[in-house]
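Heads up: the sequence shown at position 75 corresponds to 84 in our numbering, and the numbers run straight through without jumps. Note that CB positions come from ideal geometry on N, CA and C, so glycine has one too.
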Amino acid sequence: MIRILARGLAYLHNFCFRACNRVLMYGYLQKFHSVGEHVLFSPLGSVFSYSTITLGHHVFIANRAWFSGEIEIGSYVMFGPNVTILGGDHEFKDTTQPMFFVKDNQQRQAKIKIGNDVWVGANVTILKGVEIGQGAIIAAGSVVNKSVEPFTIVGGIPAKKIAERFTQDEKQAYISHSHHWSK
10 MIRILARGLA YLHNFCFRAC NRVLMYGYLQ KFHSVGEHVL FSPLGSVFSY STITLGHHVF
70 IANRAWFSGE IEIGSYVMFG PNVTILGGDH EFKDTTQPMF FVKDNQQRQA KIKIGNDVWV
130 GANVTILKGV EIGQGAIIAA GSVVNKSVEP FTIVGGIPAK KIAERFTQDE KQAYISHSHH
190 WSK
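In C-alpha coordinates:
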(Lines of atoms letter the chains of each structure in order from A and count residues from 1; the text may use other names and numbers.)
(Lines give C-alpha, C1' and ligand atoms only; values in the text may rest on other atoms or scores of the structure.)
Protein backbone atom coordinates (compact mmCIF):
# COMPACT_ATOMS: atom_id res chain seq x y z
CA MET A 1 0.00 0.00 0.00
CA ILE A 2 2.79 2.42 0.92
CA ARG A 3 4.62 1.57 -2.30
CA ILE A 4 1.52 2.42 -4.37
CA LEU A 5 1.08 5.70 -2.49
CA ALA A 6 4.78 6.58 -2.99
CA ARG A 7 4.52 5.90 -6.74
CA GLY A 8 1.41 8.05 -6.95
CA LEU A 9 3.10 10.93 -5.11
CA ALA A 10 6.20 10.66 -7.31
CA TYR A 11 4.03 10.76 -10.42
CA LEU A 12 2.07 13.76 -9.09
CA HIS A 13 5.29 15.60 -8.17
CA ASN A 14 6.78 14.98 -11.62
CA PHE A 15 3.58 16.08 -13.36
CA CYS A 16 3.29 19.29 -11.30
CA PHE A 17 6.98 20.13 -11.79
CA ARG A 18 6.73 19.75 -15.57
CA ALA A 19 3.47 21.70 -15.76
CA CYS A 20 4.84 24.60 -13.66
CA ASN A 21 8.04 24.57 -15.68
CA ARG A 22 6.11 24.82 -18.96
CA VAL A 23 3.90 27.68 -17.73
CA LEU A 24 6.91 29.62 -16.43
CA MET A 25 8.80 28.97 -19.68
CA TYR A 26 6.14 30.73 -21.73
CA GLY A 27 6.24 33.68 -19.34
CA TYR A 28 10.02 33.95 -19.38
CA LEU A 29 10.37 33.68 -23.18
CA GLN A 30 9.61 37.40 -23.44
CA LYS A 31 12.61 38.24 -21.25
CA PHE A 32 15.22 37.09 -23.79
CA HIS A 33 16.77 39.74 -26.05
CA SER A 34 15.20 37.90 -28.99
CA VAL A 35 13.84 34.40 -29.38
CA GLY A 36 12.83 32.24 -32.35
CA GLU A 37 10.03 29.72 -32.65
CA HIS A 38 9.88 26.34 -30.91
CA VAL A 39 12.28 27.12 -28.06
CA LEU A 40 12.17 24.84 -25.01
CA PHE A 41 14.03 25.44 -21.75
CA SER A 42 13.65 24.85 -18.04
CA PRO A 43 13.38 28.06 -15.99
CA LEU A 44 13.06 26.11 -12.71
CA GLY A 45 16.57 25.35 -11.54
CA SER A 46 18.23 27.28 -14.39
CA VAL A 47 19.79 30.76 -14.42
CA PHE A 48 19.80 33.01 -17.50
CA SER A 49 20.88 36.63 -18.03
CA TYR A 50 17.79 36.84 -20.26
CA SER A 51 18.23 40.34 -21.74
CA THR A 52 21.67 39.52 -23.17
CA ILE A 53 20.75 36.20 -24.81
CA THR A 54 19.55 35.72 -28.40
CA LEU A 55 17.99 32.36 -29.34
CA GLY A 56 17.27 31.06 -32.85
CA HIS A 57 14.51 28.64 -33.88
CA HIS A 58 14.21 25.08 -32.54
CA VAL A 59 16.49 25.44 -29.51
CA PHE A 60 16.35 22.94 -26.64
CA ILE A 61 18.05 23.75 -23.32
CA ALA A 62 17.88 20.96 -20.72
CA ASN A 63 17.59 21.39 -16.94
CA ARG A 64 20.07 23.19 -14.69
CA ALA A 65 21.51 25.52 -17.33
CA TRP A 66 23.52 28.61 -16.34
CA PHE A 67 23.86 31.14 -19.20
CA SER A 68 25.45 34.46 -18.29
CA GLY A 69 26.76 37.20 -20.59
CA GLU A 70 26.20 38.23 -24.18
CA ILE A 71 25.27 34.98 -25.92
CA GLU A 72 24.01 34.39 -29.47
CA ILE A 73 22.61 30.92 -30.18
CA GLY A 74 21.66 29.82 -33.70
CA SER A 75 18.85 27.51 -34.79
CA TYR A 76 18.52 23.74 -34.31
CA VAL A 77 20.75 23.74 -31.23
CA MET A 78 20.55 21.19 -28.39
CA PHE A 79 22.01 21.58 -24.90
CA GLY A 80 22.26 18.68 -22.46
CA PRO A 81 21.69 19.12 -18.71
CA ASN A 82 24.04 21.18 -16.52
CA VAL A 83 25.49 23.30 -19.34
CA THR A 84 27.24 26.49 -18.21
CA ILE A 85 28.00 29.39 -20.57
CA LEU A 86 30.00 32.22 -19.00
CA GLY A 87 30.59 35.41 -20.98
CA GLY A 88 33.00 36.88 -18.45
CA ASP A 89 35.19 36.19 -15.49
CA HIS A 90 36.34 37.91 -12.31
CA GLU A 91 38.83 40.74 -12.02
CA PHE A 92 41.72 39.42 -9.97
CA LYS A 93 44.41 42.10 -10.48
CA ASP A 94 42.79 44.84 -8.38
CA THR A 95 45.19 45.45 -5.49
CA THR A 96 42.88 47.83 -3.62
CA GLN A 97 40.20 45.35 -2.57
CA PRO A 98 39.37 41.63 -2.38
CA MET A 99 38.16 39.95 -5.59
CA PHE A 100 34.82 39.39 -3.89
CA PHE A 101 34.01 43.12 -4.01
CA VAL A 102 35.07 43.83 -7.60
CA LYS A 103 31.97 44.44 -9.73
CA ASP A 104 31.46 43.75 -13.44
CA ASN A 105 34.42 44.63 -15.59
CA GLN A 106 33.56 45.07 -19.29
CA GLN A 107 37.19 44.36 -20.24
CA ARG A 108 36.87 40.85 -18.82
CA GLN A 109 33.75 39.98 -20.83
CA ALA A 110 33.40 38.72 -24.41
CA LYS A 111 30.47 37.57 -26.54
CA ILE A 112 29.84 33.87 -27.11
CA LYS A 113 28.40 32.74 -30.45
CA ILE A 114 26.98 29.28 -31.15
CA GLY A 115 26.13 28.45 -34.78
CA ASN A 116 23.27 26.45 -36.27
CA ASP A 117 22.84 22.67 -35.81
CA VAL A 118 25.13 22.39 -32.77
CA TRP A 119 24.89 19.72 -30.08
CA VAL A 120 26.32 20.58 -26.65
CA GLY A 121 26.50 17.54 -24.36
CA ALA A 122 25.79 17.33 -20.64
CA ASN A 123 27.99 19.08 -18.07
CA VAL A 124 29.77 21.27 -20.64
CA THR A 125 31.26 24.66 -19.74
CA ILE A 126 31.73 27.26 -22.50
CA LEU A 127 33.89 30.26 -21.60
CA LYS A 128 33.99 33.88 -22.78
CA GLY A 129 34.85 34.80 -26.37
CA VAL A 130 34.25 31.33 -27.80
CA GLU A 131 32.62 30.79 -31.20
CA ILE A 132 31.22 27.36 -31.97
CA GLY A 133 30.84 26.77 -35.70
CA GLN A 134 27.86 25.31 -37.52
CA GLY A 135 27.33 21.58 -37.13
CA ALA A 136 29.83 21.17 -34.27
CA ILE A 137 29.42 18.67 -31.44
CA ILE A 138 30.77 19.28 -27.93
CA ALA A 139 31.29 16.05 -25.94
CA ALA A 140 29.85 15.73 -22.44
CA GLY A 141 31.99 17.09 -19.62
CA SER A 142 34.10 19.36 -21.84
CA VAL A 143 35.44 22.82 -21.01
CA VAL A 144 35.50 24.93 -24.18
CA ASN A 145 37.95 27.84 -23.87
CA LYS A 146 38.80 28.27 -27.58
CA SER A 147 36.64 28.58 -30.69
CA VAL A 148 35.45 25.40 -32.43
CA GLU A 149 35.57 24.97 -36.21
CA PRO A 150 32.36 24.07 -38.10
CA PHE A 151 31.51 20.34 -38.33
CA THR A 152 34.11 19.43 -35.69
CA ILE A 153 33.67 17.11 -32.71
CA VAL A 154 35.58 18.30 -29.64
CA GLY A 155 35.91 17.02 -26.09
CA GLY A 156 38.02 17.11 -22.96
CA ILE A 157 39.41 19.66 -20.52
CA PRO A 158 40.32 21.86 -22.28
CA ALA A 159 38.29 20.79 -25.32
CA LYS A 160 40.37 19.51 -28.23
CA LYS A 161 39.43 18.20 -31.65
CA ILE A 162 38.42 14.54 -31.57
CA ALA A 163 37.15 14.08 -35.12
CA GLU A 164 35.40 15.64 -38.07
CA ARG A 165 31.64 15.17 -38.06
CA PHE A 166 31.51 14.45 -41.81
CA THR A 167 33.75 13.32 -44.64
CA GLN A 168 34.26 15.90 -47.40
CA ASP A 169 31.48 14.31 -49.53
CA GLU A 170 29.08 14.18 -46.57
CA LYS A 171 29.84 17.81 -45.76
CA GLN A 172 28.97 18.85 -49.32
CA ALA A 173 25.70 16.87 -49.16
CA TYR A 174 24.88 18.50 -45.80
CA ILE A 175 25.54 21.98 -47.15
CA SER A 176 23.43 21.35 -50.26
CA HIS A 177 20.50 20.17 -48.11
CA SER A 178 20.86 22.67 -45.28
CA HIS A 179 19.58 25.65 -47.26
CA HIS A 180 16.09 24.11 -46.99
CA TRP A 181 16.05 24.28 -43.21
CA SER A 182 18.59 26.94 -42.28
CA LYS A 183 16.17 29.86 -42.66
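Under 8 Å between C-beta atoms of residue i and residue j
| i | j | result |
| --- | --- | --- |
| Leu53 | Asn30 | yes |
| Glu158 | Lys122 | no |
| Gly78 | Gly97 | yes |
| Pro90 | Ala131 | yes |
| Ile135 | Gly124 | no |
| Val68 | Val92 | no |
| Ser55 | Ala74 | yes |
| Asp126 | Gln106 | no |
Residue i: first and last residue of the uninterrupted beta strand (DSSP E) it sits in
| i | result |
| --- | --- |
| Lys169 | 169 to 173 |
| Thr63 | 62 to 64 |
| Met87 | 86 to 88 |
| Ile82 | 80 to 82 |
| Phe76 | 75 to 77 |
| Gly164 | 161 to 164 |
| Phe69 | 68 to 70 |
Neighbourhood of residue i by C-beta, 6 Å cutoff - its chain only, sequence neighbours within 5 removed
| i | result |
| --- | --- |
| Phe57 | Phe76 |
| Asn154 | Leu136, Pro167 |
| Asp103 | Val111 |
| Ala148 | Gly130, Gly164 |
For residue i, the first and last residue of its enclosing alpha helix (DSSP H)
| i | result |
| --- | --- |
| Ser187 | 177 to 187 |
7 Å CB neighbourhood of residue i in its chain, flanking five on each side removed
| i | result |
| --- | --- |
| Ala119 | Gly96, Lys137, Gly138 |
| Ile146 | Trp128, Ile162, Arg174 |
Opposing strand residues paired with residue i [DSSP bridges]
| i | result |
| --- | --- |
| Leu21 | DSSP lists no partner for Leu21. |
| Ser43 | Thr63 |
message = Threshold first: 3 residues or longer. Then list the beta strand (DSSP E) segments lying entirely within the stretch 96 to 127, N to C.
response = 121 to 123
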